[in-house]
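Report on the following structure.
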Amino acid sequence: MPKNSKVVKRELDDDVIESVKDLLSNEDSSDDAFKKSELMVDDQEEKDVDVEEGSDVEDERPAWNSKLQYILAQVGFSVGLGNVWRFPYLCQKNGGGAYLVPYLILLLIIGIPLFFLELAVGQRIRRGSIGVWNYISPKLGGIGFASCVVCFFVALYYNVIIGWSLFYFSQSFQHPLPWDQCPLVKNASHTFVEPECEKSSATTYYWYREALNISSSLSESGGLNWKMTICLLAAWVMVCLAMIKGIQSSGKIMYFSSLFPYVVLLCFLIRGLLLNGSVDGIRHMFTPKLEIMLEPKVWREAATQVFFALGLGFGGVIAFSSYNKRDNNCHFDAVLVSFINFFTSVLATLVVFAVLGFKANIINEKCVIQNSEKILKLLKMGNLSQDMIPHHINFSSITAEDYNLVYDIIQKVKEEEFDSLGLKSCQIEDELDKAVQGTGLAFIAFTEAMTHFPASPFWSVMFFLMLVNLGLGSMFGTIEGIITPIVDTFKVRKEILTVICCLVAFFIGLIFVQRSGNYFVTMFDDYSATLPLLIVVILENVAVIRIYGIDKFMEDLKDMLGFSPSQYYYYMWKYVSPFVLSCLLVASIVQMGLSPPGYNAWIEDMAVEEFHSYPTWAMIVCISLMVLAILPVPIVFMVRRCNLIDDSSGSLASVSYKRGRIIKEPVNMEGDNTSLIHGKSPSEVPSPNFSKNIYRKQTGSPTLDTAPNGRYGIGYLMADMPDMPESDL
């Protein structure tokens, strides 16, 4: 364009994205004369076109109210129920304190680098998972759809767990707690303890019979459990109301849902440390077993925990970061959130084993009393001699140490007939070695321990309210991983989509509140996410590093952050992370192949869990879950590869950004003189070369918007000016 030219006005038949303005804003700043020139687009006509196409005037992309709100959202998403009931179990099972070593190593190798990568691409491209990967490579656009499918599968059963927590929360406002004692059964002649409860325990009975009313097998549905159906409905209503306005509504809730669990954990830790036996539990927890640390299984489980703890591959991380400013320091965010997640896991582990140490101490005391009474009976019957009992032993107030001394003496003297005496070794370590995880930890072991707390209803209310908040924080990120990509891609109203998504999920989720619903939760947890997410994250790494180009990506990071990221990330992304992820994928497939597919069924008559293999139809469901989750990747690849969808037909490929929101690129332009660059996927459209001052308003151009969101070379439309060759732009 010649300098000091007149204002150029041009009527366009369809929407115009102001890429020419963006290009002008990036011209050489030394050209003062050029900076005084203007290119104006008739905004009124643009608005008219929008209205004609049935869309409102485009608004700016929503943004976080503050950096704290964003950090709390990412922390709330990454810190979930797994930090409370999965990490302590893995730590205790895989070498105690020694488990922290492989966990930290893998956090540095795959956790932080991949978390940083997802934050960066979301912030750089400012779209949900579908738009991000479609921008990088249309052929890999299926990665985003696969993330959405996995998010939907996980949301289906994850909200059921929130429903369970709501049920226990509602039952905690009574004293004594309803799971404190076994119920009594009355008949015409006498009253007796419920046999199923007597064979197990009060908390176990309450969980399986009162809460779940569980059936004996997966095939026996038993109809809906109305109590859990109501709780599931309440859980979905909470999620829907919190998410209906996007981050404007959920962001405010994050202040409570993300911070409240830390208040509860700290209260539990302080209370737990004041209980008898808590120190024994913590000591047992962090006593390192270095020989276990060398086993490959430990590293595989540590890598899996790192992978899922940070929410990699779900799309929630990308969705949340897409609402950030372009110059946000996402590297700092990645490191901060990753270590907050790690220290939260350690804090939860301290709490869990302090409380379990207290519970083990109580059980150990009962064991000592019961076996001391057996010894007294054996002494009276003459089966044992009084001479073998040390003189300082007083059976009326015997300690665990004194009992174990007597036990060892009897075992040595009566070596041949010792087994027939029926005595047990009462060691607190034996009780602590009974590792529990998941629902067994939260709804059985921990609830049993809380019944022995002073003011137990208060602690029960706090604990289950914490579980509800932990679950909701993760659910917000999971639902955002579904809603944001679809809204960005298909231009639907977020409120309507959120309500429809929650309604559909609730009705599908009714399979989880049948009497056999707990078995379906186990099935979905085992098969719907693990392998598909690993494949998704491997493809994400390949898409950024190989397709987009790691050198170009590092330049983008330098442009966004204002400094060059460490070369450490270059080598992690290019070599180490893909290798480790591939090994983890192979190990997970091998582990899945070696482990017989099945579930633990609760047998009412014997009051025990019994392993059952999946029936044929259930195996088909398991395989279908994995296939459906990853199916979008090859489908989109083949559609793009074979050009089965015409990009100029207003399809998914012709979706573009305008002022931070998506519009369809115009088709069927009238006349050659008004042709636009259209019908191209985002990766095919020329991207302007950004400078660091892209956000600045140009001098003398009051009509230009400052820093419109989503203007990073994503599907730009440019006016084809007849007197201006493309090279001049």
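Each residue of the sequence shown is one higher than the one before, starting from 347 at the first, in our numbering. We put the CB at the ideal spot given by N, CA and C, even for glycine. As the structure is a prediction and not an experimental result, all values here were calculated from the model.
Alpha-carbon to alpha-carbon, residue j and residue i
i	j	result
G657	L696	23 Å
G468	P607	27 Å
T868	S742	47 Å
S874	A788	23 Å
F519	P434	28 Å
F809	W525	15 Å
V683	L927	21 Å
L1136	L523	For the chain, the structure presents residues 347 to 1075; residue 1136 sits outside this window and is missing.
I451	L465	21 Å
F764	D754	11 Å
T650	L930	8 Å
M631	V430	14 Å
E950	I969	30 Å
K726	Q732	9 Å
R839	I846	11 Å
V478	C988	21 Å
R629	V985	58 Å
L849	F699	39 Å
Anticipated Cβ contact below 8 Å, residue i with residue j, distance rounded
i	j	result
I976	A492	6 Å
F822	M972	At roughly 26 Å, the Cβ-Cβ gap does not stay under 8 Å, so F822 and M972 are not in contact.
R861	G568	3 Å
G662	G827	4 Å
L615	G441	Between G441 and L615 the Cβ distance is about 23 Å, and since that is not below 8 Å, they are no contact.
V752	I735	6 Å
F462	H677	6 Å
D679	I417	7 Å
Cβ shell of residue i (< 7 Å), same chain only, five flanking positions each side left out
i	result
N1014	The pLDDT assigned to N1014 is 41, lower than 50, so where the model puts this residue is not dependable; a value taken from the coordinates is nonetheless given after this. Result list for N1014: empty, nothing under 7 Å.
K770	C713, N717
V979	G488, I489, A492, L885
L512	C577, A580, A581, V814
V447	M639
P942	S959
G1017	With a pLDDT of only 38 at G1017, under 50, the local geometry of the prediction cannot be trusted, and the value read off the model is given with reservation. Nothing listed; no residue qualifies.
L903	A466, P911
R672	Q469, M906
Endpoints, beta strand (DSSP E) assigned at residue i
i	result
H958	954-959
T797	From DSSP, T797 is part of no beta strand (DSSP E); its letter is neither H nor E.
G944	944-949
L530	530-532
Bridge-paired residues (DSSP) for residue i
i	result
N989	For N989, which the question treats as bridged, DSSP gives no partner whatsoever.
T537	K532
Q860	L570
Close Cβ partners of residue i (< 6 Å) along its chain, the five nearest in sequence each way excluded
i	result
M918	P459
P1071	Residue placement at P1071 cannot be trusted, given a pLDDT of 34 that sits under 50; what the coordinates show is reported in the next sentence. Same-chain partners within the cutoff: there are none.
I790	T549, T550, W553
M812	P607, V610
F818	Reading off the sequence, residue 818 comes out as Leu, not Phe. Result list for L818: S603, in chain order.
I721	none
Y449	A648
V425	N687, T690
L730	L724
Cut-off 8 Å between Cβ atoms - residues of its own chain near residue i, not counting five sequence neighbours on either side
i	result
I893	I482, S483, L486
F704	G618, L621, N622, G623, S624, G627, A795, H798
F983	K485, L486, G488
L453	V652, S684, F688
I739	D748, L751, V752
Element boundaries [alpha helix (DSSP H), containing residue i]
i	result
C437	433-439
H630	624-632
W553	From DSSP, W553 is part of no alpha helix (DSSP H); its letter is neither H nor E.
L463	458-471
V478	475-482
G657	Segment: none, G657 is in no alpha helix (DSSP H) and carries neither H nor E.
P924	923-940
F899	896-907
K712	676-727
V883	876-888
C847	840-854
G618	606-619
A964	962-976
Any non-hydrogen atom of the ligand SAH within 6 Å of residue i CB
i	result
A694	The ligand SAH is not part of the structure shown, which contains no ligands of any sort.
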